[in-house]
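Data block below; observations after.
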Amino acid sequence: NLDAKRDWGFAGDYVKAMGMMMQQDRPDDYIIATGETHSVGEFAKEAFKVIGVNDWENCVGRDEAYMRPAEVDYLIGDYSKAKNQLGWEPEMRFEQLVSTMVEADIKLLSSKKECPTEY
Numbered sequence: 004n005l006d007a008k009r010d011w012g013f014a015g016d017y018v019k020a021m022g023m024m025m026q027q028d029r030p031d032d033y034i035i036a037t038g039e040t041h042s043v044g045e046f047a048k049e050a051f052k053v054i055g056v057n058d059w060e061n062c063v064g065r066d067e068a069y070m071r072p073a074e075v076d077y078l079i080g081d082y083s084k085a086k087n088q089l090g091w092e093p094e095m096r097f098e099q100l101v102s103t104m105v106e107a108d109i110k111l112l113s114s115k116k117e118c119p120t121e122y
């Protein structure tokens, strides 16, 4: 679903938040998020932009077989408690996240190594 909106964030930022949580005197619950939402389509558009393709919609197909029957259309987190109590906030912006991911895949593919099939 290219219209589904998500709160996309960088794992490195989230790991930093986890480290800050572990330094607290007492455990607590925190929402770790960016506070911004972008659609899957926006993600695809940014990814194709990194490789110089502006007409991305002609490169992406929609297949009903892959649509979730109970899609949550809009997910966004409020990280204000983590900011106020931990001093944490996300550092990597959406566009940089997408660019970093695409560039990592390009590097992997250009190294002529096989892509991992298991994690």
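4 is the number of the first residue of the sequence shown in the working numbering; add one for each residue after it.
Where a beta carbon is used, it is the ideal one built from N, C-alpha and C, also for glycine.
Selected residue, minimal CA-CA separation from A47, among R65, D16, G38, Y33: For the residues R65, D16, G38, Y33, the minimum Cα distance to A47 belongs to R65.
One or two residues paired with R9 in a DSSP bridge: Bridge pairing for R9: H41 [DSSP].
Proximity of E106 and V53 at Cβ, strictly below 8 Å: Result yes, Cβ atoms of E106 and V53 sit closer than 8 Å.
N-terminal and C-terminal residue of the alpha helix (DSSP H) that M25 is part of: Annotation: the continuous alpha helix (DSSP H) that includes M25 extends over 14-25.
Integer-rounded CB distance, given that L5 should sit under 8 Å from G55: About 20 Å; that fails the 8 Å criterion.
Close Cβ partners of W91 (< 6 Å) along its chain, the five nearest in sequence each way excluded: So the list reads A20, M23, A85, once near-sequence residues are dropped.
DSSP-derived helix/strand/coil call for I109: Helix.
Coarse secondary structure for Y77, derived from DSSP in three states: Correct three-state label for Y77: strand.
Alpha carbon of V75 to alpha carbon of E49, nearest angstrom: Rounded to the nearest angstrom, the gap between the Cα atoms of V75 and E49 is 22 Å.
As assigned by DSSP and simplified to three states, the class of Y33: Y33: coil per DSSP, three-state reduction.
Opening and closing residue of the alpha helix (DSSP H) in which S114 lies: First-last for S114: undefined, no H or E at that position.
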